[in-house]
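Residue numbers (the numbering used here): 175 to 484.
Even glycine gets a Cβ: it sits at the ideal position worked out from N, Cα and C.
Here is the structure we will look at, set down as structure tokens.
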Ligand code: SIN
């Protein structure tokens with residue numbers, strides 16, 4: 175007998191990538207090592223997204239880089255990473271052991287940099303790249319690119335012209351109209367859209383009267399942002415045809431199904447790993463499967479965007 179994670183009901187095709195179930199590791203949560211990514215795949219993830227990598231090594235911000243708040247975490251790590259040359263070794267090692275697709279999250283300070291990093295990641299074996307055009311607190315990259323339609327289009331077009339693997343674009347909620355950015359990215363060639371990255375936030379210590387994070391401001395993730403993320407996915411689905419990956423506050427199967435009904439083909443889980451450990455992917459996937467079975471759906475696809483039809 176097939177286990178719930180082996181059922182065909184859970185299989186999804188994400189812009190050409192075959193996932194055995196629609197749960198994915200969100201970028202930015204864990205390190206780069208093959209062991210770490212493998213432990214997430216063993217925990218049941220249908221695909222993994224790496225931490226964001228750039229052209230050159232970056233130290234990131236001074237501590238504290240993460241603060242816990244009600245229903246979530248605020249982080250401002252500052253995109254610490256070893257640089258793409260070093261990171262290609264990790265991609266090769268991870269690909270040698272992983273049985274699920276590996277997506278490399280990349281950032282740059284220009285369209286050329288995004289493309290150079292994406293090409294190197296793809297050559298090292300990444301099955302797709304996810305463009306981080308949404309980190310809310312590093313100057314001249316991330317959201318500073320993803321909130322300007324013409325710059326966003328230039329970056330996506332440049333990467334698409336140079337990379338043969340699927341290109342995902344991770345969007346920022348910190349814009350007036352996320353559906354407009356989604357449409358811009360899709361017209362420029364994005365194969366899938368991830369919504370959303372963190373919501374701009376900060377926390378202040380009452381005793382010292384100072385901002386807690388080393389960078390003062392950061393990005394909020396976790397349960398607090400789930401309704402914002404669901405609304406973003408819903409709005410994007412109304413505007414574009416490319417697959418959407420829902421991300422933001424998913425901790426259980428109900429959250430995941432809600433994102434699918436809003437229009438997501440797959441979901442990324444990040445902050446919940448801190449509370450629930452790597453097996454959260456298995457638990458969520460089993461719950462989605464039980465829901466599909468109970469409702470008489472033959473596939474995840476039948477639920478995608480259903481809330482728009484009711
Ligand atoms: C960070 O490294 O500070 C977080 C990256 C992101 O929010 O995209």
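Let me know if residue 183 comes out buried or exposed under the rule of 16 or more other beta-carbons within 10 Å of its beta-carbon. One-based indexing of the chain shown puts residue 183 at position 9. Per the 10 Å Cβ criterion, buried.
Using three-state DSSP, classify residue 261 as helix, strand or coil. Counting from 1 along the chain shown, the entry for residue 261 is found at position 87. It is helical.
For residue 266, collect the residues of the same chain with a Cβ closer than 8 Å to its Cβ; drop the 5 residues on either side in sequence, then sort them by chain order. Residue mapping note: residue 266 aligns to position 92 of the chain shown, counting from 1. Contacts found: 298, 299.
Quick test of your reading: residue 410 and residue 439, contact by CB under 8 Å. State the CB separation rounded to the nearest angstrom. Counting from one through the chain shown, the residue named residue 410 turns up at place 236. Counting from one through the chain shown, the residue named residue 439 turns up at place 265. Not confirmed; about 12 Å, so no contact.
Checking the sheet assignment: what are the DSSP bridge partners for residue 248? Against the chain shown, residue 248 aligns to sequence position 74. BP columns for residue 248 point to 241, 394.
Figure out for me which residue from 431, 272, 340, 198 has the closest Cα to the Cα of residue 416. For this step, residue 416 is matched to residue 242 along the chain shown. If we check each option's Cα against that of residue 416, 340 comes out closest.
Which value, in whole angstroms, describes the spacing of the CA atoms of residue 479 and residue 189? For this step, residue 479 is matched to residue 305 along the chain shown. For this step, residue 189 is matched to residue 15 along the chain shown. Straight-line spacing of the CA atoms in residue 479 and residue 189 works out to 17 Å.
Just confirm the distance between the C-beta atoms of residue 274 and residue 208, as a whole number of angstroms; I'd bet it's less than 8 Å. As a first step, residue 274 is located in the chain shown; it is residue number 100 there, counting from the start. As a first step, residue 208 is located in the chain shown; it is residue number 34 there, counting from the start. At roughly 13 Å, the Cβ-Cβ gap does not stay under 8 Å, so residue 274 and residue 208 are not in contact.
For residue 314, collect the residues of the same chain with a Cβ closer than 7 Å to its Cβ; drop the 5 residues on either side in sequence, then sort them by chain order. The residue labelled residue 314 in the question sits at position 140 within the chain shown. The residues are 283.
Opening and closing residue of the alpha helix (DSSP H) in which residue 320 lies: As a working mapping, residue 320 is identified with position 146 in the chain shown. Here the alpha helix (DSSP H) through residue 320 covers 317-320.
Which runs of the beta strand (DSSP E) spanning at least 3 residues fall entirely within the region 403-432, listed in chain order? 418-421
Go ahead and pull the three-state DSSP assignment for residue 290. Sequence index remark: in the chain shown, residue 290 carries index 116 (1-based). Three-state result, residue 290: helix.
Since residue 181 and residue 430 should fall inside the 8 Å C-beta cutoff, what is the C-beta to C-beta distance between them, to a whole number of angstroms? The residue labelled residue 181 in the question sits at position 7 within the chain shown. The residue labelled residue 430 in the question sits at position 256 within the chain shown. So it is not a contact: roughly 15 Å between Cβ atoms.
Within 7 Å, strictly: CB atoms of residue 330 and residue 359: Counting from 1 along the chain shown, the entry for residue 330 is found at position 156. Counting from 1 along the chain shown, the entry for residue 359 is found at position 185. Yes, these two residues count as a Cβ contact at 7 Å.
Hey, could you find the ends of the beta strand (DSSP E) residue 471 is sitting in? By one-based count along the chain shown, residue 471 stands at place 297. Where residue 471 is concerned, there is no enclosing beta strand (DSSP E), given that its DSSP letter is neither H nor E.
Within 10 Å of its beta-carbon, does residue 464 have 16 or more other beta-carbons around it, so buried, or fewer, so exposed? Along the chain shown, read from residue 1 onward, the residue named residue 464 stands at position 290. Residue 464 should be labelled exposed.
Under a three-way DSSP split, which group does residue 192 fall into? Taking the first residue of the chain shown as 1, we reach residue 192 at position 18. In the structure shown, residue 192 sits in a strand (DSSP, three-state: E or B).
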